[in-house]
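Chains as they are written, first to last, in the working numbering: chain R, 1 to 423; chain S, 1 to 423.
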């Protein structure tokens with residue numbers, strides 16, 4: 001470890017997740033510098049100002065749609081790791097800017113997909129991350145690391161997959177990410193706690209599934225609905241298949257028969273998304289209304305409250321996790337849900353950030369600390385499941401945010417529930 | 001009849017209903033002149049041109065939001081009857097312009113309501129037609145007639161109420177308007193056959209109900225859902241209470257215990273309207289999106305196909321009717337549905353107009369013919385139920401558009417179905 005250069009981070013994006021990232025990182029000592037960059041210099045300044053004099057953080061302006069803008073900041077600040085915290089539309093320029101500048105790279109969402117032109121609901125077109133994996137050999141040859149999908153989902157869910165394979169199962173049938181929450185916003189009939197623009201994008205894209213005998217394939221939106229029972233009082237939530245990075249990542253490093261991602265949207269939210277699609281209100285192609293040209297999806301977003309402003313009015317918990325079925329290390333059938341729950345009241349009190357963005361932001365801080373200490377090393381374009389899960393889960397717990405494990409009877413009610421508490 | 005002045009009509013509005021009105025009236029001889037006026041002179045010209053040389057029709061430009069513009073046309077063309085066929089937002093200026101110019105007046109929708117400021121879902125505020133009834137004494141004193149609500153609903157439904165009271169029932173429990181259809185539009189998942197803007201306005205206003213012991217009162221939107229069985233193959237459709245003129249008109253002239261209006265929106269459409277409301281997309285207050293100011297409701301309308309263009313792609317039938325319960329003239333319990341069905345294929349073939357607008361437009365033509373021949377006379381602000389129903393129903397049948405009567409077992413299945421065919 002003594003030979004490692006001091007870590008110098010460039011955080012691209014000072015929005016909800018970016019500013020939660022800085023609040024969490026500020027309590028740790030593993031890095032020497034963190035440049036907080038945003039398209040809005042004011043937003044970057046505000047994020048740094050909130051850290052009350054921690055001189056490791058400095059603000060900067062960046063254009064995330066321009067690789068050379070990212071590269072210039074990497075060179076100017078001798079950055080070792082670029083942390084991408086902007087909209088997935090900007091993954092490629094940030095990824096390329098990091099490479100051009102000579103820095104390693106981390107993100108929480110991968111390069112975007114494009115549906116199959118003729119058979120979008122049965123075959124994949126360009127998949128999530130394809131553009132990044134296309135240059136994986138080059139990154140590996142150069143001894144450089146791009147750690148992709150290291151938020152909570154993808155991210156912690158992928159760490160759980162590695163943990164299940166190494167420590168709980170001798171054979172895995174399905175790696176099924178299951179995400180659900182019981183969040184409510186006071187004073188609002190309907191107020192999503194995350195960007196409706198991105199949610200529409202995720203949920204109306206054809207969901208992707210992986211099977212050993214079939215590879216990756218797609219289905220129509222909202223396929224395979226199931227009611228999943230979430231832990232710690234969240235309870236049953238209706239989940240449907242959604243396109244998500246884990247399905248593209250987990251089968252590359254973890255042996256399994258099937259990989260899925262189901263999002264606990266709840267029946268009300270599913271109905272809303274279906275209705276928006278039926279009326280064409282999900283479209284980003286402009287229409288003429290009130291004498292002006294406007295994108296219907298932008299209008300939908302404008303009618304809803306800004307999720308970034310809702311933290312103080314929100315109550316409830318959010319749960320990210322992985323439901324694994326197969327054969328346990330004892331040779332008997334096993335069904336285990338590995339999960340991480342954050343209570344909004346706790347994250348608001350402890351960090352001043354709402355639980356959904358806090359839960360996303362904590363994982364890349366943990367990963368960067370493992371890279372800084374040398375507990376995690378690797379080269380190429382790698383997912384979180386390419387690394388040992390134990391030091392990650394231990395450090396997450398040490399951050400004060402424990403994870404949980406529930407043993408489910410197969411086709412039966414829950415038979416056990418264990419929480420890995422912080423020590 | 002020899003003393004009556006020749007009828008000279010000013011039609012205000014050459015949209016869907018207005019141009020269907022001219023197509024129907026052109027086949028009748030009861031009037032001498034019909035001035036077809038629209039805000040768009042081109043639209044008025046097109047409606048007149050479609051009548052292929054019938055010199056009784058002349059085109060004009062009018063501003064329906066300006067009473068003096070209507071008055072000027074009344075004077076210029078020595079108009080005896082102003083026929084209002086524009087959006088209900090313009091009822092009052094057209095009504096006042098007719099009065100100022102010395103003409104009688106007809107419309108198919110009454111002056112707009114405003115909800116109760118504190119208790120919108122239990123008490124009425126300003127009711128539909130209140131502004132017109134406020135000057136009823138003046139119209140009566142001057143020997144002038146305003147025949148309000150003489151489309152199909154309101155209109156024919158109110159005629160049915162008069163007919164039921166005079167010929168079928170000794171005592172009426174409920175006068176329940178029930179409107180339903182089985183229209184579908186080829187090539188569209190979701191394509192309303194009528195203005196979504198107006199439908200939102202009607203359906204999200206608090207519905208109004210009248211009861212003998214309570215007077216007029218309101219409920220939350222979509223109240224008292226019921227599945228009503230519509231005749232002639234339309235079948236069961238989910239209906240809910242909606243604010244509509246009949247509830248304000250029928251109890252003024254027809255003795256009953258209760259008056260309601262239920263619209264057969266169907267469960268899918270009800271779900272769409274509820275979702276639009278939940279997301280604030282029904283609002284007409286502008287929001288900022290894509291860098292411009294826009295009304296969300298206008299964006300919803302812009303995303304859907306223009307209903308005026310759908311006639312040729314539409315299939316199915318529309319039904320307007322009145323379900324009457326009470327005691328028959330024989331002293332026994334009776335439940336009768338009086339109805340009028342138009343098949344889109346028929347109205348497109350016979351008149352080139354889709355069934356919903358054709359069904360609305362035929363009724364004021366019939367009423368004007370009865371006023372021209374002197375079979376209907378009256379003064380003041382009157383609803384259709386203030387006149388004898390029999391000549392109206394006979395003339396409607398003579399126009400080639402018969403009505404129907406179904407006797408329903410009380411709490412039982414249908415026990416009879418009779419159609420009053422054209423002779």
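All residues carry an ideal CB built from backbone N, CA and C; glycine is no exception.
Is it the case that the Cβ atoms of residue i and residue j are separated by a distance below 8 Å?
i              : j              : result
residue 197(R) : residue 247(R) : no
residue 175(S) : residue 324(S) : yes
residue 172(R) : residue 56(R)  : no
residue 111(S) : residue 243(S) : no
residue 368(R) : residue 81(R)  : yes
residue 426(S) : residue 294(R) : This structure cannot speak to residue 426(S), because chain S is shown only from 1 to 423.
residue 364(S) : residue 83(S)  : yes
residue 307(R) : residue 195(R) : yes
residue 238(S) : residue 264(S) : yes
residue 206(R) : residue 120(R) : yes
residue 352(S) : residue 23(S)  : yes
residue 181(R) : residue 317(R) : yes
Between which two residues does the beta strand (DSSP E) harbouring residue i extend?
i              : result
residue 271(R) : Unbroken run through residue 271(R) is the alpha helix (DSSP H), 266-278; no beta strand (DSSP E).
residue 288(R) : 287-289
residue 376(S) : Run containing residue 376(S): none; DSSP gives neither H nor E here.
residue 230(S) : 226-230
residue 8(S)   : 7-12
Cα-Cα, which of the options is closest to residue i?
i              : options                        : result
residue 149(R) : 85(R), 165(R), 298(R), 263(R)  : 85(R)
residue 7(S)   : 317(S), 33(S), 153(S)          : 33(S)
residue 221(S) : 274(S), 266(S), 193(S)         : 274(S)
residue 380(S) : 285(S), 130(S), 137(S), 28(S)  : 137(S)
residue 271(R) : 158(R), 314(R), 203(R)         : 203(R)
residue 162(S) : 182(S), 321(S), 110(S), 269(S) : 321(S)
residue 232(S) : 395(S), 319(S), 89(S), 48(S)   : 319(S)
residue 89(R)  : 98(R), 201(R), 44(R)           : 201(R)
residue 187(R) : 279(R), 100(R), 315(R), 52(R)  : 315(R)
residue 75(R)  : 9(R), 50(R), 237(R), 356(R)    : 9(R)
residue 344(S) : 312(S), 363(S), 371(S), 370(S) : 312(S)
residue 132(R) : 95(R), 120(R), 116(R), 140(R)  : 95(R)
residue 191(R) : 373(R), 268(R), 13(R), 121(R)  : 268(R)
residue 438(S) : 377(S), 397(S), 395(S), 398(S) : Beyond the ends of chain S as shown, which are 1 and 423, falls residue 438(S); an answer cannot be given.
residue 402(R) : 374(R), 384(R), 359(R)         : 359(R)
residue 406(S) : 229(S), 387(S), 372(S), 266(S) : 229(S)
residue 124(R) : 38(R), 208(R), 164(R), 349(R)  : 208(R)
With respect to the alpha helix (DSSP H) encompassing residue i, which residues constitute its N-terminal and C-terminal limits?
i              : result
residue 344(S) : 344-351
residue 146(R) : Segment 145-147 is the beta strand (DSSP E) holding residue 146(R); no alpha helix (DSSP H) there.
residue 296(S) : 296-303
residue 99(R)  : 91-101
residue 236(R) : Element bounds for residue 236(R): not the alpha helix (DSSP H) but the beta strand (DSSP E), 235-241.
residue 359(R) : 355-373
residue 25(R)  : 16-25
residue 245(R) : 245-253
residue 170(S) : Per DSSP, residue 170(S) belongs to no alpha helix (DSSP H); it is in the beta strand (DSSP E), 169-181.
residue 203(R) : 196-204
residue 130(S) : 130-133
Just the chain S side, please: which residues come within less than 9 Å of residue i by C-beta, in chain order?
i              : result
residue 285(R) : Result: empty, since nearest Cβ-Cβ is about 10 Å, beyond 9 Å.
residue 288(R) : 302
Going along chain S in order, which residues have a C-beta closer than 8 Å to the C-beta of residue i?
i            : result
residue 8(R) : Those within 8 Å of residue 8(R) in chain S number zero; the least Cβ separation is about 37 Å.
Give the interface partners of residue i over in chain R, defined as CB-CB distance under 9 Å, in chain order.
i             : result
residue 87(S) : Within chain R, no residue comes near residue 87(S); the closest Cβ sits about 16 Å away, beyond 9 Å.
Taking Cβ-Cβ distances shorter than 7 Å, what residues in chain R pair up with residue i?
i              : result
residue 190(S) : 278, 279
Closer than 8 Å by beta-carbon distance: list the chain R residues that pair up with residue i, in chain order.
i              : result
residue 295(S) : 289, 290
residue 272(S) : 275, 278, 279
List the residues of chain S that residue i touches, going by C-beta distances under 7 Å, in chain order.
i              : result
residue 299(R) : 287, 289, 294, 296, 299
> Are the stretch 329-342 of chain R and the stretch 211-226 of chain R touching by the rule of at least three beta carbon pairs closer than 8 Å?
Replying inline: no
>> When you compare the stretch 334-342 of chain R with the stretch 290-301 of chain R, are there three or more beta-carbon pairs, one atom per stretch, that lie closer than 8 Å?
In response: no
>> For the structure I just gave you, are there three or more beta carbon pairs, one from the stretch 14-32 of chain S and one from the stretch 60-69 of chain S, closer than 8 Å?
In response: no
> Between the stretch 39-57 of chain R and the stretch 16-24 of chain R, do three or more beta carbon pairs fall short of 8 Å?
Replying inline: yes
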